[in-house]
Amino acid sequence: MSMGIVIAAVTAETGDGDPLERAAAAARRAMATARIGPHQVDALINTGGRPGSQFTGEAVSALIGRRAGIGDSPRADGLPCLTIDLYDGPASILQAVQVAHALLHTPAIHRVLLVSGDDRPAKSPPRPDFPAAAAILLEHHPNHAIGFTTLHVSAESAAEGGTGAPAAGRFAAGPQTDSDTGASDDDGPPAGAPRPQSAGHAAVPVEELLGHAVSAASEALEVAGVPVARAVLICGGSAPGFAALLAGRLGIAADAVRAGDAVGGAPGSALPVAYLAALDSGRLADADVALFVAAGPGAAAAAIAYRLPKP
9 MSMGIVIAAV TAETGDGDPL ERAAAAARRA MATARIGPHQ VDALINTGGR PGSQFTGEAV
69 SALIGRRAGI GDSPRADGLP CLTIDLYDGP ASILQAVQVA HALLHTPAIH RVLLVSGDDR
129 PAKSPPRPDF PAAAAILLEH HPNHAIGFTT LHVSAESAAE GGTGAPAAGR FAAGPQTDSD
189 TGASDDDGPP AGAPRPQSAG HAAVPVEELL GHAVSAASEA LEVAGVPVAR AVLICGGSAP
249 GFAALLAGRL GIAADAVRAG DAVGGAPGSA LPVAYLAALD SGRLADADVA LFVAAGPGAA
309 AAAIAYRLPK P
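Sequential numbering from 9 applies to the sequence shown in my numbering.
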């Protein structure tokens, strides 16, 4: 039977201190919001981390789960909670949604908890809204007409060598399982400047990155089958002002844009925090789709449409 995959809860935590504890706190609050216990989480996917930070490393998801109380009590089927670490820069959370979508269509998985957290770069000044961590709890819904659709990715092809038209598709190149998040030690370049070079990725002009974002976002909107006027853009992990540029290209109104700039360009938490801001503002009540878009690392962008449940 076809089912929808919906957001049961989304939460965010800010403040200095242990980044693992910050992510675990977001996870605990998501479970409390959804009124479920830790034993009811079937899988946990961690998408946070920065190169050189104490938050990166193998099996971070298991550490976060343990601090959140997940695994302390056995699940009904006696199986342990599946834990996964997935690092792919700004697109990590969208890749995790795609993985969760597949898991939730298996008999043993009913709820998947996505967690993302970011440590403050050494050269970054203190700010009250960053570092941040976020959690999104996904679950089944009987109505297949709502929830997340297919992930769309636009990226340079090997033959293009970083230039030319985007090579678009529904599936991304494999997400990274190491600590290369494509993050920099500042809040990013001004609009129109090259993006900072990240480990393994050359600097990419904003205009080129914008082309990939437009391609991926347009495909996602087409699959969702809703007019642009009924969409809210949720954008994060790129240069300041990027979300406004993308909205202009897509024809999305300025008041229907929520960007992750408020969390310092944090690749892990930017999209969940931007979605939470849209939810808290009431802007999603007047929309049919939340369009999630992440740009980078490298010359690539990913997008997925979330068909919003209605009361």
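The C-beta atom is built at its ideal place from N, Cα and C for all residues, glycine as well.
Go through its chain and collect everything with a Cβ distance to residue i's Cβ below 7 Å, but skip five positions before and after it.
i      : result
Gln-48 : Arg-119
Is the CB of residue i under 8 Å away from at least one CB in chain C?
i       : result
Ala-221 : No chain C is part of this structure, which consists of one protein chain only.
How big is the Cα-Cα spacing for residue i and residue j?
i       : j       : result
His-152 : Pro-213 : 39 Å
Leu-253 : His-113 : 36 Å
Leu-229 : Leu-111 : 24 Å
His-109 : Pro-46  : 20 Å
Arg-30  : Ser-162 : 32 Å
Ile-53  : Val-18  : 14 Å
Val-123 : Ala-261 : 30 Å
Ala-140 : Ala-285 : 14 Å
Glu-216 : Ile-44  : 43 Å
Ala-32  : Arg-75  : 6 Å
Ala-34  : Val-68  : 15 Å
Asp-96  : Gly-276 : 9 Å
Leu-311 : Gly-125 : Reading off the sequence, residue 311 comes out as Ala, not Leu. Those two C-alpha atoms are separated by around 20 Å.
Gly-219 : Ala-309 : 9 Å
Among the options, which residue has its Cα nearest to the Cα of residue i?
i       : options                               : result
Leu-241 : Leu-287, Glu-216, Ala-51 and Leu-217  : Leu-287
Ser-223 : Ala-31, Val-234 and Arg-257           : Arg-257
Ala-221 : Val-105, Cys-243 and Pro-115          : Cys-243
Pro-150 : Ala-32, Arg-43, Gly-12 and Pro-46     : Gly-12
Met-39  : Thr-22, Ile-15 and Glu-216            : Ile-15
Pro-115 : Leu-316, Asp-85 and Leu-102           : Asp-85
Arg-315 : Ala-309, Ala-307, Pro-305 and Val-297 : Val-297
Ala-255 : Leu-159, Ala-302 and Ala-34           : Ala-302
According to the neighbour-count rule (16 or more other Cβ atoms, all chains shown, within 10 Å of its Cβ), is residue i buried or exposed?
i       : result
Phe-263 : Note that residue 263 corresponds to Asp in the displayed sequence, not to Phe. Answer is exposed; the Cβ neighbour count stays below 16.
Ser-100 : buried
Leu-121 : buried
Pro-88  : exposed
Pro-98  : buried
Ser-289 : exposed
Asp-24  : exposed
Ala-225 : buried
Pro-305 : buried
Gly-233 : exposed
Spatial neighbours of residue i within its chain, please: C-beta separation below 6 Å, excluding the five flanking residues on both sides.
i      : result
Pro-50 : As written in the sequence, residue 50 is Asp, which differs from the Pro given in the question. Closer than 6 Å at the Cβ level, and outside the excluded window around Asp-50, lie Ile-117, His-118 and Arg-119.
Can you name, in chain order, every residue of its own chain whose Cβ lies under 8 Å from the Cβ of residue i, other than the five neighbours on each side?
i      : result
Leu-90 : Asp-50, Ala-51, Leu-52, Leu-111 and Ile-117
> Does the stretch 279–291 touch the stretch 66–81, meaning 3 or more C-beta pairs lie closer than 8 Å?
Replying inline: They do not touch, by the three-pair rule.
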